[in-house]
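Heads up: the protein sequence lines correspond to chains Z and V, in order.
Quick note on numbering: the first sequence equals residues 1216 to 1405 in our numbering.
Quick note on numbering: the second sequence equals residues 280 to 557 in our numbering.
A virtual CB, placed ideally from N, CA and C, is assigned to each residue, including glycine.
Have a look at the structure below before the remarks.
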Amino acid sequence: MEYIGYQDQTHSSQNMFRTILKATSFPGSIFTVPENLETDNVLYSSTANIIFTLFDIDTKIFIDSEKISKIQNFITFNTNANCIEKSNHCDFAIIQNKEFNIENFNLGSDEYPDNSSTIIIEVEDLVNGEELIIEGPGIQKTKSISPTNLPKNFQSQWQNNNFIFPRGVDLILTCKDNFFCLPRTSKVLK
Amino acid sequence: MKTGFNFAYLDEATKRMIRRKILKAVCIPGYQCPFGGREMPLAYGWGTGGIQVTASIIGKEDILKVIDQGADDTTNAVSIKNFFKRVCNIMTTDKTAEASLIQTRHRIPETTLNKDQIIVYQVPQPEPLRKLEPKEKETRKLHAYKEYALMHVKLYEEISQFGSVIKTWAYPVETNNRYITDPTPIPKFDNPKMNNMEALQLFGAGREKRIYAIPPYTKVKSLDFEDHPFEIQTWDECCSICGSTKSYLDEIIINNEGKKNFICSDTDFCKSNLEKNK
């Protein structure tokens, strides 16, 4: 495995950032990461790409996984980011467990809603789960998404996340080389 | 390309910080995200915010267009284009349709932008409420509680005094039914183009150290009243070069007697319109 970030940090991270920016601008659309990063099955390649692009010493990371120590080593070794234990203080969270509660994360304040967590959820599949229809900025009319492995009460959790806007969390769902974003403005219709 | 610089001038840590802020700004349309603005090699007021945003997103493959009041060949536009040529060695263009990245000062191109393009605005004052409430602590609260009566009263007072809203540039808009946003000093003629635009719109304010964004397909409404609906500027004249009646026209005085001419403010649009009509 052995990485210290990207080989070509400047251009690889720029390329990946533009992919994340596009995915954030067009919620629910699936994008493929530009580089394949092998991590000995610790993380998906897409998650590793996001880590190399956005994490550094200024970010606080919360991890919820059975492989927590391996992930921690990977993040600290490659990016110098701080892994913390309190989920409500994190800038980014990496979730591999099926059950999580959005309310346990940093939701930001009314004055500074940008001080909130971005949650990266690794799921088994992005297209074969239960279908959800979303609408909001970045979506022309409506968009259908169907990730697997979300908590049973995800819909009500997300409705609450919409309700407390501008506070709230933003999600990135990853699977292998693919990912899509679900910012707080995307509303689940069904 | 000049050596001794990182690609796109900013160091990687700064780019990462700005990138994280840009993502949050896109997630909260119209909200002003504070960021650690860096000192750039040009004075505040010449687009330091826009340059920092552009520098954080630009890549080797990008084709950059820079406009200043619609024109590709004015001082500000030419210097910014040269800056990025020097620190990124990228291609630049004057043609709106060819550009993947457009940095603009005070205009939106007449050509409709598509979903693969990003437009970066240079912002002098990101806070639309600043002239009504000087304290940042207070305006933060007004935005937090969606307390925008001040702005509506200001528009109402203009109508009661002059018969209509007299603001013709930086005309305030409401983004995604939530935040009142400053569209930067673009003429109100351009406001309708922001609504449901296919391209991502990013705004950078260097001196005030704020970034905000409007994602594609987002509702952007110019503030108005039912009995005084929002209207854009119109002209009786047409462009004296290409004859266009649809574009935004600049008024220029051409002799000592004060004779006036009107020409398109968007030079690329004017040029291509002229070729089309030949």
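Can you tell me the Cα-Cα spacing of residue i and residue j, whole angstroms?
i: Z/S1260; j: V/I336; result: 22 Å
i: V/I297; j: V/E536; result: 51 Å
i: V/K300; j: Z/R1399; result: 15 Å
i: V/M473; j: V/V499; result: 6 Å
i: V/G309; j: V/K557; result: 42 Å
i: Z/I1358; j: V/I330; result: First, the residue type needs correcting, since residue 1358 of chain Z is Lys and not Ile in the sequence shown. So the two alpha carbons sit approximately 34 Å from each other.
i: Z/D1273; j: Z/R1382; result: 21 Å
i: V/K303; j: V/F541; result: 42 Å
i: Z/E1250; j: V/F362; result: 29 Å
i: V/A504; j: V/P451; result: Going by the sequence as given, residue 504 of chain V is Phe instead of Ala. Approximately 13 Å between the Cα atoms of the pair.
i: V/C306; j: Z/T1239; result: 7 Å
i: V/A287; j: V/S358; result: 15 Å
i: V/R295; j: Z/F1307; result: 14 Å
i: Z/S1228; j: Z/I1310; result: 22 Å
i: Z/D1223; j: V/E291; result: 12 Å
i: Z/L1397; j: V/S439; result: 44 Å
i: V/A334; j: V/D395; result: 18 Å
i: V/P508; j: V/Y527; result: 20 Å
i: V/K339; j: Z/E1314; result: 41 Å
i: V/L289; j: Z/L1269; result: 16 Å
i: V/D347; j: V/C517; result: 21 Å
Just to confirm the assignment, what range does the beta strand (DSSP E) spanning residue i have?
i: V/T383; result: L380 to R384
i: V/R489; result: R489 to I493
i: V/Q480; result: L479 to A484
i: Z/E1350; result: L1347 to E1350
i: V/I336; result: Not the beta strand (DSSP E): V/I336 falls in the alpha helix (DSSP H), residues T327 to I336.
i: V/L343; result: I342 to D347
i: Z/F1307; result: F1307 to I1310
Spell out the partners DSSP gives residue i in its beta bridges.
i: V/T513; result: None; V/T513 has no bridge partner.
i: Z/C1390; result: Z/N1393
i: V/T460; result: V/V452
i: V/V507; result: According to the sequence shown, residue 507 of chain V is His rather than Val. BP columns for V/H507 point to V/F504.
i: V/L528; result: V/C543
i: Z/C1298; result: Z/I1276
i: V/Q401; result: V/G483
i: V/F284; result: The partner list for V/F284 (beta bridge, DSSP) is empty, contrary to what the question assumes.
i: V/C549; result: BP columns for V/C549 are empty, so no partner.
i: V/P313; result: V/R489
i: V/A350; result: V/D347
i: Z/D1385; result: Z/T1333
i: V/P466; result: V/W448
Counting only C-beta atoms, is residue i closer than 7 Å to chain Z at any point?
i: V/A350; result: no
i: V/K472; result: no
i: V/K410; result: no
i: V/L302; result: yes
i: V/C367; result: no
i: V/T497; result: yes
i: V/R317; result: no
i: V/P320; result: no
i: V/P558; result: Nothing in the structure corresponds to residue 558 of chain V, since chain V is present only between 280 and 557.
i: V/L481; result: no
i: V/R298; result: yes
i: V/R386; result: no
i: V/N393; result: no
i: V/R419; result: yes
i: V/F286; result: yes
i: V/V305; result: yes
i: V/Y527; result: no
Compare the C-beta of residue i against all C-beta atoms of chain V and say whether one is closer than 7 Å.
i: Z/R1382; result: no
i: Z/G1220; result: no
i: Z/F1292; result: no
i: Z/F1232; result: yes
i: Z/P1249; result: no
i: Z/E1350; result: no
i: Z/S1227; result: no
i: Z/G1353; result: yes
i: Z/E1326; result: yes
i: Z/D1223; result: no
i: Z/P1366; result: no
i: Z/T1239; result: yes
i: Z/P1398; result: yes
What first and last residue would you give for the alpha helix (DSSP H) that runs through residue i?
i: V/V357; result: T354 to C367
i: Z/I1235; result: Q1224 to S1240
i: Z/S1361; result: Taken as a continuous stretch (DSSP letters only), Z/S1361 belongs to no alpha helix (DSSP H), as it is neither H nor E.
i: V/E437; result: A428 to F441
i: Z/I1336; result: Note, Z/I1336: premise wrong, no alpha helix (DSSP H); beta strand (DSSP E) at T1333 to E1337.
i: Z/I1408; result: Look at the range of chain Z in this structure, 1216 to 1405, and you will see that residue 1408 of chain Z is not part of it.
Quick one: measure Cβ to Cβ for residue i and residue j, integer angstroms, because I've assumed they're closer than 8 Å.
i: V/K488; j: V/G316; result: 4 Å
i: V/L343; j: V/A378; result: 7 Å
i: V/V232; j: V/L481; result: Because chain V spans 280 through 557 in this model, residue 232 of chain V falls outside it and cannot be assessed.
If we cut at 7 Å on Cβ distances, does residue i have a partner in chain B?
i: Z/L1269; result: Among the chains of the structure shown, chain B does not appear; the protein chains present are Z and V.
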